[in-house]
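At position 68 of the sequence shown the residue is numbered 335 (our numbering), and the sequence of numbers has no breaks. Positions of the beta carbon are idealized from the N, C-alpha and C atoms, including for glycine.
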Amino acid sequence: MFVHTVFFWLKRGAPPEARDRLVRDCIDLLGRIPAVRHLWAGPPAMTPRPVVDNTYDVGLTVVLEDRAGHDAYQDHALHKDFIARNQEHWQRVQVYDVVP
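Written out as structure tokens, the structure is:
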């Protein structure tokens, strides 16, 4: 298994619909990539604990079968379309990959 988690911070002044579009594109585009086993995307839960970072705008977690699946996911045309459609509104993107 390979768990790919991404956090997106949007630029100041990004249109209000940019966050909704980002979440929708995570689900509608990235969710259709064959290597994806599970996918979740959404805004922070705003849990009020000192150890929780709620500063990002959208979080994405993708579960893939293995590293080869992750590599195929990264190279897939739908992943490239996702980036092209949304990157203009990103201020920062942080990725955490885990192999449980």
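From residue i to residue j, what distance separates their C-alpha atoms?
i    : j    : result
Q361 : R299 : 22 Å
G309 : P282 : 17 Å
V294 : N353 : The amino acid at residue 294 is misidentified as Val; the sequence shows Ile. Their backbone Cα atoms lie some 13 Å apart in a straight line.
Enumerate in chain order the residues of its own chain whose CB-to-CB distance from residue i is below 8 Å, with the five nearest sequence positions on each side excluded.
i    : result
R334 : F269, V366
K278 : H356, W357, Q358
Can you tell me which of the three DSSP states residue i falls into?
i    : result
D364 : strand
R279 : coil
R352 : helix
What residues in its chain sit with their C-beta under 7 Å from that of residue i, if we drop five residues either side in the sequence?
i    : result
M313 : N321
Could you check whether residue j and residue i sit closer than 7 Å to each other, using their CB atoms as the reference points?
i    : j    : result
L331 : H337 : yes
For chain C, check one thing: does any of its Cβ atoms lie closer than 7 Å to the Cβ of residue i?
i    : result
R352 : Considering every chain present, this structure includes no chain C. It has just one protein chain.
With 16 other CB atoms within 10 Å as the buried threshold, where does residue i fall?
i    : result
H271 : buried
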